[in-house]
Amino acid sequence: MIDEKYTVIGGSKVFYRTSASQDHRGSVILLHGRSFSSKDWIGIKTFEKLTGLGYDVYAPDYPGFGNSPANPAYGFSRDFRNSSRFVLDFSGSIGLLGFALVGPSMGGGITLRTIIDYPDIVSSAIVIGSSGVEPMKDELSKVDVPLLILWGEFDDVIKKEDGTTLKNLVRNSELKIIQGATHPVYIDNPAAFFDEVKKFLQSQKN
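Pasting the structure below:
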């Protein structure tokens, strides 16, 4: 069952979808891309898959996206400078600490910014065709949060070389190329996506 809720951060409401597991093994926050919202995780049964693995799942709509009203306190510019504050405030508002953070495309950039700015709140991270690698290169070399990097074989939005660069920068990372997939790996090849996510999460102590 997927519940729809609101929390309040920065003086404004933020909409999120959540689903609880029976085992409560850990928590996963699912971010979304620039042209998407939390709703896009539903069609590929992400909530069911992750709760089936024992994880409680939380998927917010960024301010100004989906069902969340805009909030000038949070910016989602291409340098991602203010975006990590959203993850910090959202997770704090619902009482989460030590969660796995998953982000595709723009959400990947937000994820990277978060593990740079607030590494203590994230236990592990997964990025999918992440944007923002080049501007964060110097800072990413200092990151030690376990990171899974997923990239589509035929990604025509963000070049695969960025995935290799990211792998070489973050010492505790692994790169997986998803065969036959374009930019939205999780939509193009959900079976391969979930297989890699499952292996990675189960190798961590969330």
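According to numbering that gives the first Met the number 0, the stretch in the sequence shown is residues 0 to 205, in order.
Each residue gets a CB set at the ideal place from its N, CA and C atoms; glycine is no exception.
(message) Taking 8 Å as the limit between beta carbons, can you name the residues of its chain near ALA99, skipping five residues before and five after?
(response) If we look at ALA99 and ignore the five residues flanking it on each side, its Cβ neighbours are GLY25, SER26, VAL27, ILE28, TYR54, VAL121, SER122, SER123, ALA124, ILE125, LEU200, GLN203 and ASN205.
(request) List the residues that DSSP assigns as beta-bridge partners of LEU149. (result) Answer by DSSP bridge pairing, in chain order: ILE127 and LYS175.
(message) For a test of the three-state rule: what should DSSP assign to VAL7, helix, strand or coil?
(response) VAL7 carries a strand assignment under DSSP once its states are collapsed to helix, strand and coil.
(message) Within 10 Å of its beta-carbon, does GLU195 have 16 or more other beta-carbons around it, so buried, or fewer, so exposed?
(response) Per the 10 Å Cβ criterion, buried.
(request) Ignore the nearest five residues each way along the sequence and tell me which others in GLY63's own chain have a CB closer than 6 Å to its CB. (result) Closer than 6 Å at the Cβ level, and outside the excluded window around GLY63, lie ALA69.
(message) Helix, strand or coil for GLY25? Go by DSSP, reduced to three states.
(response) GLY25 sits in a strand when the DSSP states are folded into three classes.
(message) For a test of the three-state rule: what should DSSP assign to PRO183, helix, strand or coil?
(response) Secondary structure at PRO183: coil, using DSSP grouped into helix, strand and coil.
(message) Taking the alpha-carbon of ARG84 as reference, which of LYS12, LYS4, ILE114 and VAL56 has the nearest alpha-carbon?
(response) For the residues LYS12, LYS4, ILE114 and VAL56, the minimum Cα distance to ARG84 belongs to ILE114.
(request) Using alpha carbons as the reference points, say which of GLY102, ARG170, PHE46 and PRO189 lies closest to ASP143. (result) Distance from the Cα of ASP143 is smallest, within the candidate group GLY102, ARG170, PHE46 and PRO189, for ARG170.
(request) Would you mind sorting GLY102 into buried or exposed? The rule is 16 or more other CB atoms within 10 Å of its CB. (result) By the neighbour-count rule (16 or more Cβ atoms within 10 Å), GLY102 is buried.
(message) Is it buried or exposed, LEU96, if we count other Cβ atoms within 10 angstroms and call 16 or more buried?
(response) It is exposed - the Cβ of LEU96 has fewer than 16 other Cβ atoms within 10 Å.
(message) Measuring only the C-alpha atoms, how far is ILE1 from THR17?
(response) Spanning the two alpha carbons is a distance of roughly 6 Å.
(message) Pairs of beta-carbons, one from the region 158-173 and one from the region 131-145, closer than 8 Å: are there three or more?
(response) Because the criterion of three Cβ pairs below 8 Å is met, the region 158-173 and the region 131-145 touch.
(request) Would you mind giving the Cβ-Cβ distance between GLU152 and ILE176, rounded to the nearest angstrom? I have them listed as a contact below 8 Å. (result) Cβ-Cβ separation between GLU152 and ILE176: approximately 6 Å, consistent with a contact (criterion under 8 Å).
(request) With DSSP collapsed to three states, give me the class of SER90. (result) Under the three-state reduction of DSSP, SER90 is assigned to helix.
(message) Rounded to the nearest angstrom, what separates TYR73 and GLU138 at their Cα positions?
(response) The straight-line gap from Cα to Cα measures roughly 21 Å.
(request) Decide if ILE155 is buried, meaning its Cβ has at least 16 other Cβ atoms within 10 Å, or exposed. (result) Before going further, note that residue 155 is Asp rather than Ile in the sequence given. Around the beta carbon of ASP155, fewer than 16 other beta carbons lie within 10 angstroms, which makes this residue exposed.
(request) Starting from PHE199, trace the beta strand (DSSP E) both ways and give me its first and last residue. (result) That residue, PHE199, is in no beta strand (DSSP E); its alpha helix (DSSP H) goes 189-201.
(message) By DSSP's criteria, GLY102 is part of a beta bridge. Which residues make up the other side?
(response) Under DSSP, GLY102 shares a beta bridge with VAL126.
(message) Can you look up ASP55 in the DSSP assignment and give me helix, strand or coil?
(response) Here ASP55 sits in strand by DSSP.
(request) With DSSP as the reference, please indicate the residues paired to THR17 in a beta bridge. (result) When beta bridges are read from the DSSP output, THR17 appears opposite ASP2 and TYR57.
(message) Pull the bridge partners of VAL156 from the DSSP assignment, please.
(response) In the DSSP assignment, VAL156 forms no beta bridge with any residue.
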